[in-house]
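Visitor: Questions regarding the structure given below will be posed in turn.
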Amino acid sequence: RSTSIHGEIVEQKTLAETIKEISRKHLEEGNGLLLGQCISAIGWVNGTVPNVRGIIELSMTDVAGAGIAVGAAMVGRRPIFVVRFQDFMMLGSSPFVNYAAKVKELHGKNAPVFIRSLASEGMGPVHSGVLHSVFMHFPGFRICSPITPKEYEEAWQVFMENDDPMYVSEHRPSFNNKEELLDIVQKGASITLYGISLPRFAMREAANMLDSEGIRCNVIDILWLKPFEITDRYVEPLKQTKIGLVIDSSFEICGAARSIAYELSDASGYPVKALGLLDQTKCMCHPFRNEAPDAQRIYDAVINILK
């Protein structure tokens, strides 16, 4: 896809290309660092990492790498820490949770780390997780889940303008996306759908399926999970439909979808439901198949809610 700027055709970048360019500029021009395991060995992390100086290939020690990244942040390098599979954050979270996220509040020092935590579909039981809900629980983090180029640029700008560690929940299937997703608010809508991460694509497909049956949906995208700021953009469509549904790619129980659903319901006075992964191991192998909500599951959830 391309756009015209002052009569000149400009090819739009994919999300992967946007991440790569942001990283290149930070490493070559911003005295930055990029750390992670198997950065160059296996496709430069889905084509999102540039082949430039400033990259540190870490050993396969999931705990130590996070500590190195926090140390680099403490001396002003603003490192990008790449975690190829979000499940690995269970091993390396302690330096972030117990130091980087606390040091500002407790000691007045800063440890700004840009944590690129990648989720997947079609991987095994310890390579498919989506853990942004876990990190929402801890004070001190900014947490977002960008799936478009401009959203990623916004996330990076916020990171560079502040001194907090940031947990960026990425999803590999979104890397080829070039589209900017716009909210859909329409008269006569029956329900307001709020999407987080990968299901935002399926949410639009489900809305089209429902529209073909005469059920209109408002469709609202959520980029920032924490802090999640209640604004008219979120509340006004909900006041119109008087019921909502938050959809996420992480586990539903104690997850981001339920947390944000509660905040929306509390702010509006109307019920908001949540939809996420089933309470079972996330794996794409039968009989443990547990995917992010697809269009059919979202469709079925809406029909059940409206009944």
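Following the working numbering, the numbering of the sequence shown begins with 531 at its first residue and continues without gaps. In this text, a Cβ means the ideal position worked out from N, Cα and C, and glycines have one as well. From a predicted model like this one, the values you see are computed outputs, not experimental measurements.
Three or more C-beta pairs closer than 8 Å, one from the stretch 640-650 and one from the stretch 596-615: is that the case here?
Guide: yes
Visitor: Is it true that the CB of aspartate 751 sits closer than 8 Å to the CB of aspartate 713?
Guide: yes
Visitor: Spatial neighbours of asparagine 820 within its chain, please: C-beta separation below 7 Å, excluding the five flanking residues on both sides.
Guide: Leu807, Leu808, Gln810, Thr811, Lys812 and Cys813
Visitor: Starting from lysine 680, follow its DSSP beta bridges and name the residues at the other end.
Guide: Paired residue(s): none; lysine 680 is not in a bridge.
Visitor: Ignore the nearest five residues each way along the sequence and tell me which others in isoleucine 552's own chain have a CB closer than 6 Å to its CB.
Guide: Trp686
Visitor: Is isoleucine 549 helix, strand or coil by DSSP?
Guide: helix
Visitor: For cysteine 815, is the classification buried or exposed, using 16 other Cβ atoms within 10 angstroms of its Cβ as the cut-off for buried?
Guide: exposed
Visitor: Buried or exposed, going by whether 16 or more other CB atoms sit within 10 Å of the CB of proline 823?
Guide: buried
Visitor: Can you tell me which of the three DSSP states glutamate 735 falls into?
Guide: helix
Visitor: Are three or more beta carbon pairs between the stretch 555-564 and the stretch 607-627 nearer than 8 Å?
Guide: Yes, since at least three Cβ pairs between the stretch 555-564 and the stretch 607-627 fall closer than 8 Å, the two stretches touch.
Visitor: So, helix, strand or coil for serine 779, using DSSP?
Guide: Serine 779 falls in the strand class under three-state DSSP.
Visitor: With C-beta atoms as the reference, is isoleucine 790 less than 8 Å away from phenylalanine 758?
Guide: yes
Visitor: Within 10 angstroms of the Cβ of lysine 680, are there 16 or more other Cβ atoms? Answer buried if so, exposed if not.
Guide: exposed
Visitor: Quickly, what does DSSP pair lysine 756 with across the bridge? List them, please.
Guide: Ile673
Visitor: In whole angstroms, what separates the C-alpha of isoleucine 598 from that of alanine 787?
Guide: 32 Å
Visitor: Helix, strand or coil for arginine 531 per DSSP?
Guide: Unreliable positioning characterises arginine 531 in this predicted model, as indicated by a pLDDT of 49, which lies under 50. A coordinate reading is not provided.
Visitor: With distances taken between CB atoms, is the gap from methionine 733 to isoleucine 828 smaller than 8 Å?
Guide: yes
Visitor: Count the CB pairs spanning the stretch 696-704 and the stretch 715-733 that are closer than 8 Å, and state whether there are at least three.
Guide: yes
Visitor: For a cutoff of 8 Å on Cβ pairs, would you count alanine 546 as touching chain B?
Guide: Looking for chain B here will not work: only one protein chain is present.
Visitor: Sort Gly584, Pro676 and Ile569 by Cα distance to glutamate 559 and report the nearest one.
Guide: Gly584
Visitor: How long is the line joining the alpha carbons of leucine 753 and serine 647, rounded to whole angstroms?
Guide: 15 Å
Visitor: Just to confirm the assignment: which complete alpha helix (DSSP H) runs, minimum length 4, are found wholly within the stretch 579-666?
Guide: 592-604, 619-622, 633-637 and 662-666
Visitor: Using 8 Å as the threshold, is the C-beta distance between glutamate 793 and isoleucine 833 below it?
Guide: no
Visitor: Give me, in chain order, the residues of the same chain whose beta-carbon lies closer than 7 Å to that of arginine 554; leave out the 5 immediate sequence neighbours on both sides.
Guide: The residues are Pro580 and Val582.
Visitor: For arginine 769, which of helix, strand or coil comes out of DSSP?
Guide: The sequence shown places lysine at residue 769, rather than the arginine named in the question. It is helical.
Visitor: Determine the extent of the alpha helix (DSSP H) in which alanine 571 is found, giving its start and end residues.
Guide: Per DSSP, alanine 571 belongs to no alpha helix (DSSP H) and is neither H nor E.
Visitor: Using the three-state DSSP reduction, which class does lysine 555 fall into: helix, strand or coil?
Guide: helix
Visitor: State the DSSP-derived secondary structure class of serine 699, mapped to helix, strand or coil.
Guide: strand
Visitor: Start and end of the beta strand (DSSP E) containing tyrosine 792?
Guide: Note, tyrosine 792: premise wrong, no beta strand (DSSP E); alpha helix (DSSP H) at 786-798.
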